[in-house]
Amino acid sequence: MWNQVKTELQDLTWSSVLLSVLALSFTWLVAPFSYIESLTSHATYTTNFAALILYILCIALAFTIASVHDFVSILSLGPIILSLIVAFIGFFNRPIIMALLMLLPLYLFIIQLPATYLRNTIGLITIGVLFTLSIPVATVYLVTHRFAWSALIYCLPLALTTWMFLTPFFIRVTRIQSIFITIVGILLLIAILTRPLGIGMILALVAVVISWFWLLSIRKQTPYLAALSTVQLLIMVLIYWT
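Numbering-wise, the UniProt record's numbering puts 130 at position 130 of the sequence shown, and it's gapless, one number per residue.
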């Protein structure tokens, strides 16, 4: 086991890992913070929010390490276990939030088990739903102390961009990749068109179209999470903050 951990550490490019972790973390927070800003300009932050940030960093690190090693990684178990501990200790007095946050690391563990082959469309859709359901719900609730289903609808582009940019990690058949990316890309364009008209919306539309061509051109290449997550973050910023 220790030899495998050592090998996994040697396989990591830490500059890429850092970029991926930061890009993923900010991507998950853009939509909920934009939603919070649309509700109130007097947001309050509790000590639980520090626990949430630590949780997000652990999840981003676990996903990054797992993706580098084709979702068979002993090393990723470290941040997975830590995120479970943070979710339990940090949100013990909020059982619903705690349960939601625990779903994500548990899924990142299950997805790596040989008996549960989730490197497919179902696995991709599930992780997109969990990314959109857990972190945004917790963020909105901790800051506003309430939650409405409108927040999930507001955060829909997070799920769509997740499905679009993580497709290379879950769907390896190029023909199915093309179909899935195209369908999700069209849905993302429709979602963006529901946003207020402005330069941000126009740039987001252009970025999605360019990303579609780019993703189709790299279907047969090894996916590079740092680049994919950075482009996803750019599109999320254009959608919500310009």
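All C-beta atoms, glycine included, are put in the ideal place defined by N, C-alpha and C.
C-alpha gap between residue i and residue j, whole angstroms
{"i": "residue 7", "j": "residue 1", "result": "10 Å"}
{"i": "residue 122", "j": "residue 69", "result": "20 Å"}
{"i": "residue 125", "j": "residue 180", "result": "11 Å"}
{"i": "residue 12", "j": "residue 22", "result": "16 Å"}
{"i": "residue 209", "j": "residue 109", "result": "33 Å"}
{"i": "residue 223", "j": "residue 169", "result": "7 Å"}
{"i": "residue 230", "j": "residue 20", "result": "7 Å"}
{"i": "residue 132", "j": "residue 232", "result": "14 Å"}
{"i": "residue 39", "j": "residue 53", "result": "21 Å"}
{"i": "residue 138", "j": "residue 101", "result": "8 Å"}
{"i": "residue 9", "j": "residue 76", "result": "10 Å"}
{"i": "residue 92", "j": "residue 140", "result": "17 Å"}
{"i": "residue 150", "j": "residue 161", "result": "19 Å"}
{"i": "residue 203", "j": "residue 216", "result": "20 Å"}
{"i": "residue 48", "j": "residue 26", "result": "18 Å"}
{"i": "residue 88", "j": "residue 213", "result": "42 Å"}
{"i": "residue 106", "j": "residue 80", "result": "8 Å"}
{"i": "residue 130", "j": "residue 14", "result": "26 Å"}
{"i": "residue 58", "j": "residue 197", "result": "36 Å"}
{"i": "residue 104", "j": "residue 29", "result": "15 Å"}
{"i": "residue 115", "j": "residue 71", "result": "13 Å"}
{"i": "residue 3", "j": "residue 78", "result": "16 Å"}
Residue i: first and last residue of the uninterrupted alpha helix (DSSP H) it sits in
{"i": "residue 194", "result": "Per DSSP, residue 194 belongs to no alpha helix (DSSP H) and is neither H nor E."}
{"i": "residue 220", "result": "Here residue 220 belongs to no alpha helix (DSSP H), and DSSP marks it neither H nor E."}
{"i": "residue 169", "result": "156-170"}
{"i": "residue 11", "result": "2-11"}
{"i": "residue 132", "result": "121-144"}
{"i": "residue 277", "result": "Coverage of the chain is limited to positions 1 through 242, which leaves residue 277 absent and any answer about it impossible."}
{"i": "residue 107", "result": "95-110"}
Residue from the options with nearest C-alpha to residue i
{"i": "residue 195", "options": "131, 102, 137 and 35", "result": "35"}
{"i": "residue 156", "options": "184, 96 and 141", "result": "184"}
{"i": "residue 220", "options": "182, 231, 175 and 234", "result": "175"}
{"i": "residue 182", "options": "63, 164, 151 and 227", "result": "164"}
{"i": "residue 189", "options": "145, 207, 198 and 154", "result": "207"}
{"i": "residue 146", "options": "97, 77 and 62", "result": "97"}
{"i": "residue 235", "options": "50, 201 and 16", "result": "201"}
{"i": "residue 173", "options": "119, 142 and 64", "result": "119"}
{"i": "residue 191", "options": "56, 66, 62 and 238", "result": "238"}
{"i": "residue 51", "options": "86, 105, 178 and 94", "result": "86"}
{"i": "residue 225", "options": "159, 167, 178 and 107", "result": "167"}
{"i": "residue 211", "options": "228, 199 and 197", "result": "228"}
{"i": "residue 84", "options": "18, 65, 5 and 56", "result": "56"}
{"i": "residue 135", "options": "240, 33 and 199", "result": "33"}
{"i": "residue 128", "options": "24, 4 and 117", "result": "24"}
{"i": "residue 63", "options": "18, 152 and 153", "result": "18"}
{"i": "residue 178", "options": "205, 218, 148 and 154", "result": "218"}
Minimum Cβ-Cβ distance from residue i to chain B less than 8 Å
{"i": "residue 6", "result": "No chain B appears in the structure shown, which is made up of a single protein chain."}
Exercise for the section: Could you name each continuous alpha helix (DSSP H) segment of 4 residues or more that falls completely within the segment 29-91, going from the start of the chain to the end? Expected result: 47-68 and 77-90
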